[in-house]
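These notes concern the structure reproduced below.
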Amino acid sequence: MQNAAPVVEIDNLHKSYGPLEVLKGVSLTAHEGEVVALIGSSGSGKSTLLRCINMLEVPEQGSVKIGGEAIRLSGKPPNRHPADEGQIRRIRSELGMVFQQFNLWSHMSVLGNVMEAPLHVQKRDKVEVEAAALEMLGKVGILDKAANYPSQLSGGQQQRAAIARALCINPRVMLFDEPTSALDPELEVEVVRVIRLLAEEGRTMILVTHDMDLARTIAHKVVFLHLGKIEEEGTPAEVFDAPKSRRLQQFLRAADHT
Amino acid sequence: MTETFEFWVSYLTNGRHLNWYASFQYTVIAALLGGAFALLFGIGGAALRNSSLPPLKLLGTIYINMVRGVPDVLFFIFFPLAFEQLVELVIAQSACPAGGGAGVWPPCPEANWFLGTGEYLLLASVSLGIVYGAFTANVISGALNSVPRGQLEAARAFGMTNWQVLSRVHIRQMWVYALPGLSNCWLLLIKATSLLSLLQITDIVRGANLLGAPNFSRTAGVIHGDWRWGYYLALLLFYILVTYLSEKAFAAITRWASRGMPMAERV
């Protein structure tokens with residue numbers, strides 16, 4: 001993996017909400033084809049870190065590079081914002097984000113959701129986009145739900161539709177923000193199966209998750225965050241089988257019992 | 259029997275009645291035009307109030323809070339008069355000799371701006387729009403805030419422009435939260451169209467008063483006594499009909515707006 005080109009480079013990220021410092025200088029790199037799993041207890045800053053990659057949250061300090069291109073920021077904290085709206089929109093249109101609460105647009109059909117960004121943001125050809133959208137829906141196994149509204153689907157189906165929506169923009173990186181946390185265990189399985197499939201395809205993915213088994217089996221690199229800092233990182237074998245820090249040991253013990 | 263029938267046909271189709279029937283259009287035009295202005299001012303006012311720039315936010319808040327508190331009758335007579343005199347003041351700057359006509363308005367006959375029914379109707383519609391736009395703005399601003407943040411965040415995350423987020427997701431999803439409140443505003447606005455007579459417009463209410471009043475003719479003597487109740491009853495039925503049609507229209511719009519929306523299942 002180290003020989004492949006870096007796709008996401010995060011350097012010394014700091015983010016606060018008022019007096020609460022959520023990220024205290026985090027650096028992380030994801031290479032082409034690499035799967036990075038971010039683990040840690042609630043409030044460790046892992047979701048915030050993921051959301052800083054596409055600037056849904058703007059960090060006070062530090063930089064984010066996508067494919068070698070730094071996202072330009074301007075303004076002083078707490079009003080820091082992307083300096084160039086065009087640049088951030090272009091970068092966002094290449095990052096496929098999957099949310100914990102799915103966030104499918106409720107007024108559009110499933111197919112409409114998947115076609116929305118390719119058509120209206122990427123301005124691709126309608127015939128091509130529809131074919132691609134149907135292919136993605138087939139891939140995640142909900143082709144028969146294309147005409148339905150999201151509210152008519154189960155949670156697992158909605159999350160798979162959300163994955164199809166992210167895939168259809170041909171993303172350089174897939175960003176998963178706790179994709180299975182809002183799902184019942186039996187629905188979680190179908191979403192996990194899709195995520196595994198994507199990992200096997202060699203997609204670059206950054207995954208925030210509570211699912212230790214998923215992290216262990218698909219990740220090339222596991223990053224353990226604690227109180228806004230990277231406490232430990234390494235291959236799944238290093239992190240799960242030989243955790244060095246006491247905090248990670250505690251965290252894994254607690255995770256085993258849930 | 260035939261004689262009675264013939265009397266009613268000729269009575270109800272005489273010139274004064276035909277004028278009265280035609281005046282229903284003023285009410286309908288004022289309502290539709292006023293409604294369009296109200297929606298325009300409403301979306302504008304809500305956008306100002308939800309703006310992140312403090313001066314714009316203040317402006318929106320002042321509009322929404324002040325105008326809602328002013329009696330619509332007062333506004334209805336104030337705005338057209340103030341507007342008319344403002345225009346006359348501007349005309350007077352060039353048309354009138356300096357210092358002429360102290361204490362009279364307009365300062366000189368050349369500056370007099372004559373307003374016909376059409377102009378008054380437009381001014382009335384704008385007045386209705388300003389007054390009910392404040393209520394509408396309040397409804398819309400609340401509805402915009404009711405759209406789940408995640409919906410907008412997903413739109414931003416996929417690279418939409420601010421305008422695309424607003425038009426393709428935010429405003430589109432806002433309707434389902436706004437419609438109950440908007441239907442209230444609309445019915446209140448329809449009722450307020452009965453104020454048209456205050457602006458020299460011979461509207462349906464004024465017409466009913468004139469036609470229903472005891473009617474004498476030098477040649478035929480007493481034609482009828484006080485028939486106002488009959489005309490008021492007709493107005494009552496007219497407003498009930500308008501309300502019924504409005505409810506139908508709102509039900510159809512609501513069906514469109516709530517397709518797929520999470521709250522639709524609860525209805």
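Here the protein sequences come in this chain order: A and B. Quick note on numbering: my numbering labels position 62 of the first sequence as 62, and the sequence is numbered without any gaps. Quick note on numbering: my numbering labels position 10 of the second sequence as 268, and the sequence is numbered without any gaps. Just so you know, even glycine gets a beta-carbon here, dropped at the ideal spot from N, CA and C. Quick caveat: nothing in here was measured; it's all calculated off a predicted structure.
Cβ-Cβ distance between residue i and residue j below 8 Å
i                            : j                         : result
phenylalanine 156 of chain A : leucine 187 of chain A    : Checking the displayed sequence, the identity of residue 156 of chain A turns out to be glycine instead of phenylalanine. Against a cut-off of 8 Å, the Cβ pair of leucine 187 of chain A and glycine 156 of chain A comes out as a contact.
methionine 418 of chain B    : arginine 426 of chain B   : yes
arginine 326 of chain B      : asparagine 403 of chain B : no
glutamine 265 of chain A     : isoleucine 71 of chain A  : The structure shown has nothing for residue 265 of chain A, since chain A only spans 1 to 258.
leucine 111 of chain A       : glutamine 158 of chain A  : no
isoleucine 53 of chain A     : isoleucine 206 of chain A : yes
phenylalanine 240 of chain A : leucine 225 of chain A    : no
aspartate 177 of chain A     : glutamine 100 of chain A  : yes
alanine 296 of chain B       : threonine 394 of chain B  : yes
serine 281 of chain B        : isoleucine 462 of chain B : yes
lysine 145 of chain A        : leucine 153 of chain A    : yes
glycine 307 of chain A       : arginine 172 of chain A   : Chain A is shown only over 1 to 258; residue 307 of chain A falls outside these bounds and no answer can be derived.
isoleucine 203 of chain B    : threonine 375 of chain B  : Residue 203 of chain B falls outside the range modelled here, since chain B spans only 259 to 525, and no answer is possible.
alanine 30 of chain A        : valine 36 of chain A      : yes
alanine 288 of chain B       : leucine 454 of chain B    : yes
serine 399 of chain B        : asparagine 467 of chain B : no
valine 26 of chain A         : lysine 229 of chain A     : yes
serine 109 of chain A        : alanine 147 of chain A    : yes
Cβ-based burial, residue i [other Cβ within 10 Å; buried from 16]
i                         : result
alanine 340 of chain B    : exposed
glycine 324 of chain B    : The residue you asked about is not glycine; residue 324 of chain B is methionine in the sequence shown. By the 10 Å Cβ count, methionine 324 of chain B comes out exposed.
leucine 447 of chain B    : buried
histidine 482 of chain B  : exposed
alanine 4 of chain A      : exposed
lysine 244 of chain A     : exposed
histidine 107 of chain A  : buried
glutamine 283 of chain B  : exposed
lysine 46 of chain A      : buried
glutamine 351 of chain B  : exposed
isoleucine 498 of chain B : exposed
tryptophan 514 of chain B : exposed
aspartate 213 of chain A  : exposed
arginine 524 of chain B   : Confidence at arginine 524 of chain B is low in this model, with a pLDDT of 45, below 50, so its placement is unreliable and the value that follows should be read with caution. By the neighbour-count rule (16 or more Cβ atoms within 10 Å), arginine 524 of chain B is not buried but exposed.
serine 74 of chain A      : exposed
threonine 209 of chain A  : buried
glycine 273 of chain B    : exposed
isoleucine 320 of chain B : exposed
Interface partners of residue i on chain A, CB under 8 Å
i                        : result
threonine 411 of chain B : Correcting the residue identity first, residue 411 of chain B is glutamate in this sequence and not threonine. Near glutamate 411 of chain B (Cβ distances below 8 Å), the residues of chain A are Leu56, Phe99, Asn103.
arginine 430 of chain B  : His107
Interface residues of chain B facing residue i [CB-CB closer than 9 Å]
i                         : result
valine 192 of chain A     : By Cβ distance, chain B contributes nothing, its closest Cβ being about 22 Å from valine 192 of chain A, past 9 Å.
isoleucine 169 of chain A : Phe416, Gly417
Amino acids of chain B, ordered along the chain, whose beta-carbon sits closer than 7 Å to that of residue i
i                      : result
serine 63 of chain A   : Going along chain B, no residue has its Cβ under 7 Å from serine 63 of chain A, so there is no contact; the nearest lies around 20 Å.
valine 121 of chain A  : Phe416, Gly417, Met418
alanine 117 of chain A : Phe416, Gly417
Range covered by the alpha helix (DSSP H) that runs through residue i
i                            : result
threonine 260 of chain A     : Any answer about residue 260 of chain A is impossible in this case: the structure gives chain A only from 1 up to 258.
valine 345 of chain B        : 330–353
phenylalanine 508 of chain B : 486–515
lysine 126 of chain A        : 126–139
lysine 46 of chain A         : 46–53
glycine 391 of chain B       : 375–404
phenylalanine 251 of chain A : 246–256
serine 259 of chain A        : Nothing can be reported for residue 259 of chain A: it is not among the residues displayed for chain A, which extend from 1 to 258.
glycine 315 of chain B       : In the sequence under discussion, the amino acid at residue 315 of chain B is lysine, which differs from the glycine named in the question. Lysine 315 of chain B -> alpha helix (DSSP H) spans 312–327.
Where the beta strand (DSSP E) through residue i begins and ends
i                            : result
glycine 202 of chain A       : From DSSP, glycine 202 of chain A is part of no beta strand (DSSP E); its letter is neither H nor E.
proline 6 of chain A         : 6–17
glycine 303 of chain B       : Note, glycine 303 of chain B: premise wrong, no beta strand (DSSP E); alpha helix (DSSP H) at 273–307.
isoleucine 163 of chain A    : Not the beta strand (DSSP E): isoleucine 163 of chain A falls in the alpha helix (DSSP H), residues 155–167.
histidine 482 of chain B     : 479–482
isoleucine 91 of chain A     : Looking at the DSSP string, isoleucine 91 of chain A is not in any beta strand (DSSP E); the run it does join, the alpha helix (DSSP H), is 85–92.
phenylalanine 416 of chain B : Here phenylalanine 416 of chain B belongs to no beta strand (DSSP E), and DSSP marks it neither H nor E.
asparagine 473 of chain B    : 473–475
Amino acids of chain A, ordered along the chain, whose beta-carbon sits closer than 7 Å to that of residue i
i                        : result
alanine 415 of chain B   : Asn54, Leu56, Arg92, Met97
threonine 419 of chain B : Arg89
valine 427 of chain B    : Trp105
glutamine 343 of chain B : By Cβ distance, chain A contributes nothing, its closest Cβ being about 45 Å from glutamine 343 of chain B, past 7 Å.
glycine 302 of chain B   : Within chain A, no residue comes near glycine 302 of chain B; the closest Cβ sits about 23 Å away, beyond 7 Å.
glutamine 422 of chain B : His120
glycine 408 of chain B   : Phe99, Gln101, Asn103
Chain-ordered chain A contacts of residue i [CB-CB under 9 Å]
i                         : result
methionine 519 of chain B : Ser106, His107, Tyr149, Ser151
arginine 513 of chain B   : Chain A residues near arginine 513 of chain B: none, gap ~13 Å exceeds 9 Å.
glutamine 458 of chain B  : Under the 9 Å cutoff, chain A gives no residues; its nearest Cβ is about 46 Å from glutamine 458 of chain B.
Rounded distance between the beta-carbons of residue j and residue i, thought under 8 Å
i                      : j                         : result
glycine 465 of chain B : tryptophan 278 of chain B : 4 Å
valine 223 of chain A  : leucine 38 of chain A     : 5 Å
leucine 175 of chain A : methionine 97 of chain A  : 5 Å
serine 63 of chain A   : aspartate 11 of chain A   : 5 Å
proline 118 of chain A : isoleucine 163 of chain A : Not a contact, Cβ separation roughly 15 Å.
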